[in-house]
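Just so we're aligned: 105 in the numbering used here is position 103 of the sequence shown, and the numbers increase by one with no gaps anywhere.
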Amino acid sequence: MPTFSTAAKIRVVITFFIFLSSTCFNIAVLWTISQKYQRKSHIKVLMMNLAAADLLVTFIVMPLDAIWNITVQWYGGDLACRLLMFLKLVAMYSSAFVTVVISVDRQAAILNPLGIGEAKKKNKMMLSIAWTLSVILAVPQLFVFHTVSRATPVQFVQCATLGSFQEHWEETLYNMFTFTCLFLLPLTIMVLCYSRILFEISRKMKKAFSSKEIQLRRSSNNIPKARLRTLKMSIVIVLTFVICWTPYYLLGLWYWFSPEMLTQEQVPPSLSHILFLFGLFNACLDPIIYGLFTIHFRREIQRACRCTGLHRDSDAVSLGTGSFHCSSSVNTHSSGHLKRAGTLNYGSGQCSCHQWFQGLIFIRVCCFVLL
(Lines of atoms letter the chains of each structure in order from A and count residues from 1; the text may use other names and numbers.)
(Lines give C-alpha, C1' and ligand atoms only; values in the text may rest on other atoms or scores of the structure.)
Protein backbone atom coordinates (compact mmCIF):
# COMPACT_ATOMS: atom_id res chain seq x y z
CA MET A 1 0.00 0.00 0.00
CA PRO A 2 1.41 3.46 -0.88
CA THR A 3 2.64 5.69 1.93
CA PHE A 4 3.53 9.35 2.43
CA SER A 5 7.21 8.82 1.66
CA THR A 6 10.08 11.26 2.08
CA ALA A 7 10.12 11.88 -1.69
CA ALA A 8 6.38 12.69 -1.56
CA LYS A 9 6.95 15.10 1.35
CA ILE A 10 9.62 16.95 -0.62
CA ARG A 11 7.26 17.01 -3.62
CA VAL A 12 4.53 18.63 -1.50
CA VAL A 13 6.88 21.31 -0.13
CA ILE A 14 8.21 22.21 -3.58
CA THR A 15 4.68 22.20 -5.03
CA PHE A 16 3.66 24.70 -2.33
CA PHE A 17 6.42 27.13 -3.32
CA ILE A 18 5.66 26.69 -7.03
CA PHE A 19 2.00 27.38 -6.21
CA LEU A 20 2.83 30.65 -4.41
CA SER A 21 5.24 31.80 -7.12
CA SER A 22 2.91 30.95 -9.99
CA THR A 23 -0.02 32.68 -8.27
CA CYS A 24 1.95 35.90 -7.71
CA PHE A 25 3.54 36.01 -11.16
CA ASN A 26 0.42 35.21 -13.18
CA ILE A 27 -1.83 37.56 -11.19
CA ALA A 28 0.82 40.27 -11.74
CA VAL A 29 0.55 39.69 -15.51
CA LEU A 30 -3.26 39.89 -15.42
CA TRP A 31 -3.11 42.98 -13.21
CA THR A 32 -0.72 44.93 -15.44
CA ILE A 33 -2.47 44.04 -18.69
CA SER A 34 -5.94 44.81 -17.31
CA GLN A 35 -5.11 48.43 -16.39
CA LYS A 36 -7.67 50.72 -18.05
CA TYR A 37 -5.16 52.93 -19.84
CA GLN A 38 -3.34 49.95 -21.35
CA ARG A 39 -4.06 49.41 -25.02
CA LYS A 40 -5.28 45.83 -25.41
CA SER A 41 -3.20 44.60 -28.34
CA HIS A 42 -3.92 41.09 -29.57
CA ILE A 43 -0.67 39.73 -28.10
CA LYS A 44 -1.69 41.06 -24.67
CA VAL A 45 -5.01 39.26 -25.01
CA LEU A 46 -3.08 36.08 -25.79
CA MET A 47 -0.87 36.55 -22.74
CA MET A 48 -3.92 37.16 -20.55
CA ASN A 49 -5.35 33.84 -21.73
CA LEU A 50 -2.03 32.09 -21.12
CA ALA A 51 -1.89 33.55 -17.60
CA ALA A 52 -5.49 32.40 -17.01
CA ALA A 53 -4.61 28.89 -18.21
CA ASP A 54 -1.53 28.83 -15.98
CA LEU A 55 -3.68 29.93 -13.03
CA LEU A 56 -6.02 27.01 -13.75
CA VAL A 57 -3.02 24.70 -13.50
CA THR A 58 -1.97 26.54 -10.34
CA PHE A 59 -5.33 26.42 -8.55
CA ILE A 60 -6.45 22.95 -9.66
CA VAL A 61 -3.51 20.71 -10.55
CA MET A 62 -1.06 21.87 -7.87
CA PRO A 63 -3.35 21.75 -4.78
CA LEU A 64 -4.88 18.48 -5.96
CA ASP A 65 -1.45 16.90 -6.38
CA ALA A 66 -0.15 18.16 -3.03
CA ILE A 67 -3.22 17.13 -0.99
CA TRP A 68 -3.41 13.74 -2.70
CA ASN A 69 0.23 13.04 -1.86
CA ILE A 70 -0.44 13.93 1.78
CA THR A 71 -3.61 11.86 2.18
CA VAL A 72 -2.27 9.02 -0.04
CA GLN A 73 -5.78 7.65 -0.54
CA TRP A 74 -8.89 9.44 -1.84
CA TYR A 75 -11.30 11.02 0.66
CA GLY A 76 -13.30 13.25 -1.67
CA GLY A 77 -15.95 10.80 -2.85
CA ASP A 78 -16.85 9.62 -6.33
CA LEU A 79 -18.28 12.91 -7.64
CA ALA A 80 -15.22 14.93 -6.60
CA CYS A 81 -13.00 12.22 -8.11
CA ARG A 82 -14.63 12.53 -11.53
CA LEU A 83 -14.97 16.32 -11.45
CA LEU A 84 -11.42 17.07 -10.31
CA MET A 85 -9.88 14.68 -12.85
CA PHE A 86 -11.95 16.47 -15.50
CA LEU A 87 -10.85 19.94 -14.34
CA LYS A 88 -7.23 18.80 -14.09
CA LEU A 89 -7.19 17.80 -17.74
CA VAL A 90 -9.07 20.98 -18.78
CA ALA A 91 -6.32 23.04 -17.12
CA MET A 92 -3.52 21.11 -18.80
CA TYR A 93 -5.22 21.18 -22.22
CA SER A 94 -5.88 24.93 -22.01
CA SER A 95 -2.24 25.70 -21.18
CA ALA A 96 -1.03 23.66 -24.16
CA PHE A 97 -3.66 24.95 -26.61
CA VAL A 98 -3.18 28.64 -25.76
CA THR A 99 0.55 28.16 -26.36
CA VAL A 100 -0.35 26.76 -29.78
CA VAL A 101 -2.53 29.81 -30.52
CA ILE A 102 0.42 32.08 -29.68
CA SER A 103 2.59 30.12 -32.15
CA VAL A 104 -0.02 30.37 -34.92
CA ASP A 105 -0.42 34.09 -34.24
CA ARG A 106 3.34 34.70 -34.54
CA GLN A 107 3.42 32.73 -37.78
CA ALA A 108 0.65 34.92 -39.22
CA ALA A 109 2.40 38.10 -38.03
CA ILE A 110 5.65 37.18 -39.83
CA LEU A 111 4.27 35.51 -42.96
CA ASN A 112 1.44 37.97 -43.50
CA PRO A 113 2.38 41.28 -41.82
CA LEU A 114 -0.23 43.23 -43.80
CA GLY A 115 -3.01 41.14 -42.25
CA ILE A 116 -2.20 42.32 -38.74
CA GLY A 117 -5.51 44.18 -38.60
CA GLU A 118 -7.45 40.92 -38.72
CA ALA A 119 -5.28 39.26 -36.07
CA LYS A 120 -7.49 40.27 -33.16
CA LYS A 121 -10.58 38.71 -34.73
CA LYS A 122 -8.73 35.52 -35.73
CA ASN A 123 -7.14 35.19 -32.31
CA LYS A 124 -10.51 35.56 -30.61
CA MET A 125 -11.84 32.70 -32.73
CA MET A 126 -8.76 30.52 -32.12
CA LEU A 127 -8.91 31.16 -28.37
CA SER A 128 -12.58 30.21 -28.31
CA ILE A 129 -11.74 26.97 -30.13
CA ALA A 130 -8.81 26.30 -27.76
CA TRP A 131 -10.92 26.68 -24.61
CA THR A 132 -13.85 24.74 -26.09
CA LEU A 133 -11.58 21.86 -27.15
CA SER A 134 -10.00 21.85 -23.69
CA VAL A 135 -13.41 21.17 -22.16
CA ILE A 136 -14.61 18.68 -24.81
CA LEU A 137 -11.43 16.57 -24.83
CA ALA A 138 -11.46 16.36 -21.03
CA VAL A 139 -15.06 15.04 -20.86
CA PRO A 140 -14.02 11.32 -20.97
CA GLN A 141 -12.36 11.85 -17.58
CA LEU A 142 -15.84 12.10 -16.07
CA PHE A 143 -16.52 8.50 -17.12
CA VAL A 144 -13.21 6.66 -16.85
CA PHE A 145 -12.29 7.88 -13.36
CA HIS A 146 -14.19 6.69 -10.28
CA THR A 147 -13.52 5.65 -6.70
CA VAL A 148 -12.16 2.16 -6.18
CA SER A 149 -12.19 0.65 -2.69
CA ARG A 150 -10.40 -2.29 -1.14
CA ALA A 151 -11.43 -3.76 2.21
CA THR A 152 -8.43 -5.97 2.99
CA PRO A 153 -6.01 -5.89 4.67
CA VAL A 154 -7.22 -2.36 5.57
CA GLN A 155 -9.90 -0.11 4.12
CA PHE A 156 -8.34 1.82 1.22
CA VAL A 157 -10.12 4.07 -1.31
CA GLN A 158 -8.50 5.48 -4.43
CA CYS A 159 -9.57 7.60 -7.42
CA ALA A 160 -8.52 5.53 -10.44
CA THR A 161 -9.51 4.13 -13.84
CA LEU A 162 -9.51 0.52 -12.60
CA GLY A 163 -12.39 -1.39 -14.21
CA SER A 164 -13.21 1.30 -16.78
CA PHE A 165 -11.42 -0.61 -19.56
CA GLN A 166 -12.04 -4.23 -20.49
CA GLU A 167 -8.55 -4.77 -21.91
CA HIS A 168 -5.18 -3.21 -21.17
CA TRP A 169 -4.80 -2.07 -24.79
CA GLU A 170 -7.98 0.02 -24.43
CA GLU A 171 -6.46 1.94 -21.54
CA THR A 172 -3.21 2.35 -23.47
CA LEU A 173 -5.17 3.64 -26.47
CA TYR A 174 -6.98 6.21 -24.29
CA ASN A 175 -3.71 7.33 -22.72
CA MET A 176 -2.10 7.63 -26.15
CA PHE A 177 -5.05 9.70 -27.39
CA THR A 178 -4.67 12.02 -24.40
CA PHE A 179 -0.90 12.20 -24.90
CA THR A 180 -1.36 13.04 -28.60
CA CYS A 181 -3.89 15.81 -27.96
CA LEU A 182 -2.14 17.17 -24.90
CA PHE A 183 1.46 17.15 -26.08
CA LEU A 184 2.28 15.53 -29.42
CA LEU A 185 -0.20 17.47 -31.60
CA PRO A 186 0.53 20.87 -29.97
CA LEU A 187 4.26 20.17 -30.26
CA THR A 188 3.91 19.30 -33.97
CA ILE A 189 1.92 22.47 -34.71
CA MET A 190 4.39 24.65 -32.80
CA VAL A 191 7.38 23.11 -34.58
CA LEU A 192 5.72 23.64 -37.97
CA CYS A 193 4.84 27.26 -37.15
CA TYR A 194 8.33 28.24 -36.03
CA SER A 195 9.95 26.28 -38.86
CA ARG A 196 7.93 28.33 -41.33
CA ILE A 197 8.83 31.51 -39.45
CA LEU A 198 12.55 30.73 -39.52
CA PHE A 199 12.34 29.77 -43.19
CA GLU A 200 10.59 33.07 -44.02
CA ILE A 201 13.09 35.13 -42.03
CA SER A 202 16.07 33.40 -43.66
CA ARG A 203 14.48 33.87 -47.10
CA LYS A 204 14.05 37.60 -46.48
CA MET A 205 17.58 37.93 -45.17
CA LYS A 206 19.01 36.18 -48.24
CA LYS A 207 16.95 38.44 -50.44
CA ALA A 208 18.21 41.47 -48.54
CA PHE A 209 21.88 40.50 -48.75
CA SER A 210 21.62 39.66 -52.44
CA SER A 211 20.18 43.09 -53.15
CA LYS A 212 22.38 46.15 -53.36
CA GLU A 213 19.61 48.45 -52.23
CA ILE A 214 20.21 49.46 -48.63
CA GLN A 215 16.57 50.36 -48.11
CA LEU A 216 15.43 46.89 -49.12
CA ARG A 217 17.92 45.34 -46.75
CA ARG A 218 16.79 47.58 -43.95
CA SER A 219 13.10 46.86 -44.48
CA SER A 220 13.71 43.10 -44.72
CA ASN A 221 15.72 42.92 -41.52
CA ASN A 222 13.35 45.23 -39.72
CA ILE A 223 10.59 42.77 -38.97
CA PRO A 224 9.83 45.81 -36.70
CA LYS A 225 11.55 45.72 -33.35
CA ALA A 226 8.40 45.20 -31.29
CA ARG A 227 7.29 42.31 -33.49
CA LEU A 228 10.74 40.73 -33.34
CA ARG A 229 10.76 41.03 -29.54
CA THR A 230 7.32 39.41 -29.37
CA LEU A 231 8.54 36.63 -31.67
CA LYS A 232 11.51 35.97 -29.40
CA MET A 233 9.21 35.91 -26.37
CA SER A 234 6.85 33.40 -27.96
CA ILE A 235 9.76 31.16 -29.01
CA VAL A 236 11.07 31.11 -25.44
CA ILE A 237 7.57 30.35 -24.10
CA VAL A 238 7.23 27.41 -26.49
CA LEU A 239 10.73 26.13 -25.67
CA THR A 240 10.03 26.22 -21.93
CA PHE A 241 6.77 24.32 -22.49
CA VAL A 242 8.60 21.63 -24.47
CA ILE A 243 11.57 21.42 -22.10
CA CYS A 244 9.43 21.31 -18.95
CA TRP A 245 6.90 18.70 -20.06
CA THR A 246 8.80 16.41 -22.47
CA PRO A 247 10.63 14.35 -19.78
CA TYR A 248 7.41 13.72 -17.85
CA TYR A 249 5.46 12.61 -20.92
CA LEU A 250 8.30 10.35 -22.06
CA LEU A 251 8.21 8.66 -18.67
CA GLY A 252 4.44 8.33 -19.04
CA LEU A 253 4.88 6.65 -22.42
CA TRP A 254 7.29 4.17 -20.92
CA TYR A 255 4.83 3.37 -18.15
CA TRP A 256 1.84 2.97 -20.49
CA PHE A 257 3.66 0.40 -22.61
CA SER A 258 5.54 -1.25 -19.70
CA PRO A 259 3.40 -0.90 -16.55
CA GLU A 260 5.48 -3.58 -14.82
CA MET A 261 8.29 -1.03 -14.48
CA LEU A 262 6.64 0.26 -11.29
CA THR A 263 6.31 -3.13 -9.63
CA GLN A 264 9.85 -4.08 -10.60
CA GLU A 265 11.15 -0.66 -9.46
CA GLN A 266 12.99 -0.05 -12.72
CA VAL A 267 12.41 3.66 -12.18
CA PRO A 268 12.87 5.23 -8.73
CA PRO A 269 9.68 6.97 -7.46
CA SER A 270 11.67 10.15 -6.86
CA LEU A 271 12.24 10.49 -10.63
CA SER A 272 8.53 10.69 -11.37
CA HIS A 273 8.17 13.32 -8.58
CA ILE A 274 10.99 15.42 -10.04
CA LEU A 275 9.72 15.26 -13.62
CA PHE A 276 6.15 16.22 -12.66
CA LEU A 277 7.40 19.17 -10.59
CA PHE A 278 9.54 20.22 -13.55
CA GLY A 279 6.38 20.26 -15.67
CA LEU A 280 4.46 22.31 -13.10
CA PHE A 281 7.31 24.83 -13.04
CA ASN A 282 6.28 25.84 -16.56
CA ALA A 283 3.33 27.76 -15.06
CA CYS A 284 5.85 29.99 -13.22
CA LEU A 285 8.10 30.54 -16.20
CA ASP A 286 5.47 31.92 -18.62
CA PRO A 287 4.81 35.16 -16.66
CA ILE A 288 8.54 35.59 -15.94
CA ILE A 289 9.29 35.37 -19.67
CA TYR A 290 6.51 37.87 -20.38
CA GLY A 291 8.00 40.27 -17.83
CA LEU A 292 11.51 39.94 -19.26
CA PHE A 293 10.40 40.67 -22.82
CA THR A 294 7.79 43.34 -22.05
CA ILE A 295 8.78 46.89 -21.18
CA HIS A 296 5.38 48.03 -19.88
CA PHE A 297 5.22 45.12 -17.40
CA ARG A 298 8.38 46.30 -15.60
CA ARG A 299 7.20 49.89 -15.95
CA GLU A 300 3.91 49.04 -14.23
CA ILE A 301 5.68 47.52 -11.22
CA GLN A 302 7.98 50.56 -10.93
CA ARG A 303 5.02 52.87 -11.31
CA ALA A 304 3.02 51.15 -8.58
CA CYS A 305 6.00 51.07 -6.23
CA ARG A 306 6.84 54.75 -6.67
CA CYS A 307 3.28 55.96 -6.51
CA THR A 308 2.49 54.11 -3.30
CA GLY A 309 5.51 55.28 -1.41
CA LEU A 310 8.20 52.65 -1.96
CA HIS A 311 10.14 55.57 -3.47
CA ARG A 312 9.64 58.75 -1.46
CA ASP A 313 10.90 61.10 -4.10
CA SER A 314 7.97 63.23 -5.26
CA ASP A 315 9.83 64.62 -8.25
CA ALA A 316 8.79 63.71 -11.74
CA VAL A 317 10.22 60.41 -12.83
CA SER A 318 10.69 59.74 -16.50
CA LEU A 319 9.33 56.42 -17.72
CA GLY A 320 10.25 56.34 -21.39
CA THR A 321 6.97 57.24 -23.04
CA GLY A 322 5.65 59.42 -20.25
CA SER A 323 6.21 60.76 -16.76
CA PHE A 324 4.28 61.01 -13.55
CA HIS A 325 4.07 63.36 -10.61
CA CYS A 326 2.86 62.04 -7.29
CA SER A 327 3.02 63.87 -4.00
CA SER A 328 1.15 64.27 -0.74
CA SER A 329 0.97 68.01 -1.33
CA VAL A 330 -0.07 70.25 -4.19
CA ASN A 331 2.58 70.54 -6.91
CA THR A 332 3.16 73.85 -8.65
CA HIS A 333 4.48 73.64 -12.21
CA SER A 334 6.53 76.24 -14.00
CA SER A 335 3.54 77.13 -16.12
CA GLY A 336 1.72 78.31 -13.00
CA HIS A 337 -0.93 75.61 -13.14
CA LEU A 338 -1.75 73.61 -10.05
CA LYS A 339 -1.97 69.83 -10.06
CA ARG A 340 -4.20 68.08 -7.54
CA ALA A 341 -2.32 66.07 -4.93
CA GLY A 342 -2.20 62.37 -5.52
CA THR A 343 -2.79 62.42 -9.28
CA LEU A 344 -0.78 60.50 -11.76
CA ASN A 345 0.09 61.53 -15.29
CA TYR A 346 1.10 58.80 -17.66
CA GLY A 347 0.88 59.18 -21.41
CA SER A 348 -2.62 60.38 -22.09
CA GLY A 349 -4.36 59.01 -18.99
CA GLN A 350 -4.63 59.91 -15.33
CA CYS A 351 -5.35 57.87 -12.24
CA SER A 352 -5.22 58.63 -8.53
CA CYS A 353 -2.46 57.28 -6.34
CA HIS A 354 -4.83 55.48 -3.99
CA GLN A 355 -5.69 53.16 -6.87
CA TRP A 356 -2.18 51.80 -6.61
CA PHE A 357 -2.29 50.81 -2.91
CA GLN A 358 -3.74 47.45 -3.90
CA GLY A 359 -0.85 47.05 -6.29
CA LEU A 360 1.58 47.88 -3.49
CA ILE A 361 0.08 45.23 -1.21
CA PHE A 362 0.28 42.66 -3.99
CA ILE A 363 3.88 43.56 -4.85
CA ARG A 364 4.99 43.41 -1.20
CA VAL A 365 3.36 40.01 -0.79
CA CYS A 366 5.21 38.82 -3.91
CA CYS A 367 8.50 40.16 -2.57
CA PHE A 368 7.91 38.48 0.81
CA VAL A 369 7.10 35.15 -0.83
CA LEU A 370 9.85 35.18 -3.44
CA LEU A 371 12.67 36.91 -1.58
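Idealized CB from N, CA, C, for every residue including glycine.
- About 19 Å separates the beta carbon of A110 from that of A98, a gap too long to meet the 8 Å contact definition.
- Taking a cut-off of 8 Å for Cβ pairs, the stretch 62-71 and the stretch 13-23 touch, as three or more such pairs fall below it.
- Counting along the chain, Q109 sits inside the alpha helix (DSSP H) bounded by residues 79-113.
- Apart from the 5 residues on each side of it in sequence, R231 sits with its Cβ closer than 7 Å to the Cβ of F295 in its chain, given in chain order.
- Beyond the five residues adjoining it in sequence on each side, L184 comes within less than 7 Å, by CB distance, of M94, Y95, A98 in the same chain, given in chain order.
- In this chain, the alpha helix (DSSP H) harbouring V31 covers 8-35.
- Proximity of the stretch 132-147 to the stretch 75-93 meets the contact definition, three or more beta-carbon pairs being nearer than 8 Å.
- Around the beta-carbon of H170, fewer than 16 other beta-carbon atoms lie within 10 Å, marking it exposed.
- DSSP assignment within the stretch 226-287 yields no whole beta strand (DSSP E) run of 3 residues or more.
- DSSP places F158 in the uninterrupted beta strand (DSSP E) bounded by 158-162.
- If you draw a straight line from the Cα of Y176 to the Cα of Y257, it comes to about 14 Å.
- Taking a C-beta distance under 8 Å as the contact criterion, D288 and I237 do not qualify as a contact pair.
- T174 and I112 have their C-alpha atoms roughly 39 Å apart.
- Burial state of Y77 is exposed, judged by a 10 Å Cβ sphere holding fewer than 16 other Cβ atoms.
- Look at T296 here: in three-state DSSP terms it is coil, with no helix or strand label.
- By the C-beta density criterion, T182 is exposed, having fewer than 16 other C-beta atoms within 10 angstroms.
- For V150, the enclosing beta strand (DSSP E) covers residues 148-152.
- Inter-residue distance for C83 and T190 is about 32 Å (C-alpha atoms, whole angstroms).
- Apart from the 5 residues on each side of it in sequence, P270 has no Cβ closer than 6 Å to any other Cβ in its chain.
- In this structure, C195 sits near S105, with a CB-CB distance shorter than 8 Å.
- DSSP, read as helix, strand or coil, puts W76 in coil.
- One alpha carbon belongs to A55, the other to L164, and they sit about 29 Å apart.
- Just so you know, the alpha carbons of V244 and L139 end up roughly 21 Å apart.
- Per DSSP, V59 lies in no alpha helix (DSSP H) and is assigned neither H nor E.
- Listed in chain order, the non-local C-beta contacts of I16 below 8 Å within the same chain comprise L279, local neighbours out to five positions each way being set aside.
- In this structure, V159 sits away from Q37, with a CB-CB distance that is not shorter than 8 Å.
- In chain order, V92 place their CB closer than 7 Å to the CB of V137, counting only its own chain and leaving out the 5 sequence neighbours on each side.
- Burial is judged here by how many other beta carbons sit within 10 angstroms of a residue's own beta carbon; F27 has at least 16 and is buried.
- One Cα belongs to S260, the other to G281, and the distance between them is close to 22 Å.
- In the three-state DSSP reduction, F201 falls in the helix class (H, G or I).
- A distance below 8 Å separates the beta carbons of V14 and I72.
- Within its own chain, the residues whose Cβ lies closer than 7 Å to the Cβ of D80, once the five positions on either side in sequence are excluded, are H148, T149, listed in chain order.
- For T180, the uninterrupted alpha helix (DSSP H) run begins and ends at 170-181, by DSSP.
- Judged by DSSP secondary structure, L135 falls within the alpha helix (DSSP H) whose first and last residues are 121-140.
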